[in-house]
DNA sequence: ACCGGGGCTGAGGCGGCGCTGAGAACGCCG
DNA sequence: CGGCGTTCTCAGCGCCGCCTCAGCCCCGGT
């Protein structure tokens, strides 16, 4: 794994500790060097400080995700304001730990990250010319921003998360609405709403089976 | 998603807040009920308190993982000892948040969990220059996409699953249509439809025996 | 070459799926 | 309390996909 931090003492302690835990550790002491290594080599996980010389941690994560690198990233920071944490996660980091932290907890969180299926998704969903940002709750079609209501957004997000697959109406009811509930044609109505705002071709109907958004 | 906690006030606040964020929320007030729901239904994520009546959070996660349920779990607890956190993560939870917590951070962490890919898609059927994707319900001939109706697709799928073999009409009636049913020439009609869309050579006739699609 | 039967195809009816417009319930804000 | 936006129900309807039927074609056997 890769550890990026500018406090030499901390880095040394982490390297020794993580090595003892059985990890192979590379280190970098600033953002640019860390970004270079992370892009170059294929790590299993990255521990990344936020306050860094030459590109801060947020920038590094943003650039990594933009470059298609999906390696799990654990951010490390002294800043524990709720928006610091939320911003860090929303740019594409997978976990956030505030200094000072317990080494035991760090290792447990790293193990949790490594358990996850290898491919981690980018922070923003993109399918065809549709772009949806779950954190900002915004949607754009072919670069043009589109205003959606909450339910419309939830429906579109689920469809995009399962793009290139037919999604049944019952499945949509279960995940986008509450429980297996009543009958009715809510799903069809909301697909109609989305089509009016996004264009008819955005969502394909598969008669007798459900709907599909394709790349 | 599913929220499991025994403090009614907190649960209500979470349900309202998460619903406003566009999630569909189920709730349970004790461990056994939560485990039941989580096993039964297919949630996108679970928020789970550790201190619960009737099975604590650790037990619930352990049982879920043992049952093969891989839904992401975020543990919630007032206990912030380093070993509490590490234990929670090590039994299979994906994240751990200590009370009191910021709602903004909770939502950001949930979104980070949801970035996990939903599940791996098994495979597509390929015979000759025909490609059929059962999940997407799409068919392509020589790279060109072809639109098929439900019955046409079911018929083609059965033929492709038994490629390089002669498949009798009665067998097709039994498997693609319901029961041994009536007489008539449905099969021949639908083979005709397929040939019109895929090209005459796609399906060969074996006079007196049935049909065959070959590699 | 003739004839029988299995296979193909065009036309058509029917049932129901899915789309739409209108409007009722609800919460939020001023 | 009244307006607005969002969510959801309901009923109507168009059209698509499913299947039947009848006639023709073509293959194969004698």
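Protein chains in written order, with the numbering used here: chain A, 88 to 302; chain B, 88 to 302. From the three backbone atoms N, C-alpha and C, an ideal C-beta is built for every residue, glycine too.
Inside the segment 187–268 of chain B, DSSP marks whole beta strand (DSSP E) runs of 3 or more residues at positions 212–214, 217–220, 225–228, 231–233, from first to last along the chain. For residue 185 of chain A, no alpha helix (DSSP H) segment is defined; the enclosing uninterrupted segment is the beta strand (DSSP E) at 182–185. If you draw a 10 Å sphere on the C-beta of residue 110 of chain B, you find 16 or more other C-beta atoms in it, and that means buried. Approximately 7 angstroms separates the beta-carbon atoms of residue 222 of chain A and residue 210 of chain A; this is inside 8 angstroms, confirming the contact.
Relative to residue 152 of chain B, the option among B/133, B/166, B/163 whose CA is nearest is B/133.
Taking the Cα of residue 294 of chain B as reference, the smallest distance to any Cα among B/281, B/254, B/276, B/282 is reached at B/254.
Per DSSP, residue 153 of chain B has no beta-bridge partner at all. For residue 262 of chain B, the closest Cβ of chain A is not nearer than 8 angstroms. Sorting B/116, B/194, B/107 by C-alpha distance to the C-alpha of residue 96 of chain B places B/116 at the top. If you check each beta-carbon in the segment 283–297 of chain A against every beta-carbon of chain B, the ones closer than 8 angstroms belong to 293, 294, 295, 296. Under the DSSP assignment, residue 103 of chain B falls in the alpha helix (DSSP H) whose first and last residues are 95–107. Beyond the five residues adjoining it in sequence on each side, residue 112 of chain B comes within less than 7 angstroms, by CB distance, of 88, 90, 102, 105, 106 in the same chain, given in chain order. Bounds of the beta strand (DSSP E) holding residue 293 of chain B are 291–293. Spanning the alpha carbons of residue 158 of chain A and residue 114 of chain B requires a straight line of approximately 33 angstroms.
Using a CB distance cut-off of 8 angstroms, residue 131 of chain B counts as an interface residue toward chain A. Around the beta carbon of residue 239 of chain A, 16 or more other beta carbons lie within 10 angstroms, which makes this residue buried. Annotation: residue 154 of chain A has no Cβ neighbours in chain B at a cutoff of 7 angstroms; minimum Cβ distance is about 17 angstroms. Within the same chain, and ignoring the five residues on either side of residue 262 of chain B in sequence, the residues whose Cβ sits closer than 6 angstroms to its Cβ are 245.
At least 8 angstroms separates the CB of residue 213 of chain A from every CB of chain B. When the Cα atoms are used, residue 174 of chain A and residue 161 of chain A turn out to be separated by approximately 13 angstroms.
By the criterion of a C-beta distance shorter than 8 angstroms, residue 148 of chain B is surrounded in its chain by 135, 160, 162, 175, 178, 179, 180, once the five residues flanking it on both sides are discounted.
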